[in-house]
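According to my numbering, the stretch in the sequence shown is residues 624 to 754, in order.
Here a beta-carbon is modelled for each residue, glycine too, at the ideal position from N, C-alpha and C.
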Amino acid sequence: MTPTKPRPTTAHIVLDKTFSQADFDAFARLSGDDNPIHVDPDFAAGTRFAKTVAHGALLCSVLRGLVAQIRPAARQIRQDTQYPAPSPVGEPLRFEAETTGETPDGMVIALKVTRLGDGVVTCLGQTEVTA
624 MTPTKPRPTT AHIVLDKTFS QADFDAFARL SGDDNPIHVD PDFAAGTRFA KTVAHGALLC
684 SVLRGLVAQI RPAARQIRQD TQYPAPSPVG EPLRFEAETT GETPDGMVIA LKVTRLGDGV
744 VTCLGQTEVT A
């Protein structure tokens, strides 16, 4: 009889978070991405967003932390994300990671960020991690 891998249980991790301008500024210093749409409130006020908005990589960093709660020792193989709407400074956001399937070497986890004020999805994607 061939041993079978145990099937992972479905996991759904949720985190609510609100970013301040200081958070955006700190991420810009660490990443080197000082695009004014992220760090200059006066510049952002003149754009269609009207406020500074989160770096996509900042959103993905929080999502990666949720993935690590689902699979603590896993390595990320790939990640695909889209940003259909902005995540403005001071807006409460809901971050979600949920297992959606298996691969021969690991699992697939759906990723989502939603603005809590209006329910608009600001980041959507998935990642594949090793077992």
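What span of residues does the alpha helix (DSSP H) with residue i cover, start to end?
i      : result
PHE642 : Where PHE642 is concerned, there is no enclosing alpha helix (DSSP H), given that its DSSP letter is neither H nor E.
Quick one: does residue i have its CB under 8 Å from some CB of chain C?
i      : result
VAL637 : The chain labelled as chain C is not found in the depicted structure, where only one protein chain is given.
Could you give the first and the last residue of the continuous beta strand (DSSP E) run that contains residue i?
i      : result
GLY798 : Absent from the model: residue 798. The displayed extent of the chain is 624 to 754, so no value can be given.
VAL752 : 744-753
Using DSSP bridges, identify the partner residues of residue i.
i      : result
PRO711 : VAL676
LEU653 : Its beta-bridge partners do not exist; DSSP assigns none.
ILE636 : ALA720
Write down the C-beta distance between residue i and residue j rounded to the nearest angstrom, noting that I regard them as a contact closer than 8 Å.
i      : j      : result
PRO711 : LEU739 : That pair is no contact at about 12 Å.
THR750 : VAL690 : 6 Å
THR704 : LEU734 : 6 Å
ASP657 : ALA649 : With 8 Å as the limit, ASP657 and ALA649 do not qualify as a contact, their Cβ atoms being about 12 Å apart.
PRO707 : THR737 : Actually they do not touch by this definition, with Cβ atoms about 11 Å apart.
Within its chain, find whatever has a CB closer than 6 Å to the CB of residue i; leave out the 5 residues flanking it on each side and keep chain order.
i      : result
THR722 : THR633, ALA634, MET730 and ILE732
ARG694 : VAL752
SER643 : none
Apart from the five residues just before and just after residue i, which ones in its own chain have a Cβ nearer than 8 Å to its Cβ?
i      : result
ILE660 : PHE666, ALA667, THR670, PHE672, THR675 and VAL676
Uninterrupted alpha helix (DSSP H) stretches inside the stretch 662-706 (no shorter than 4 residues): 664-668 and 679-693
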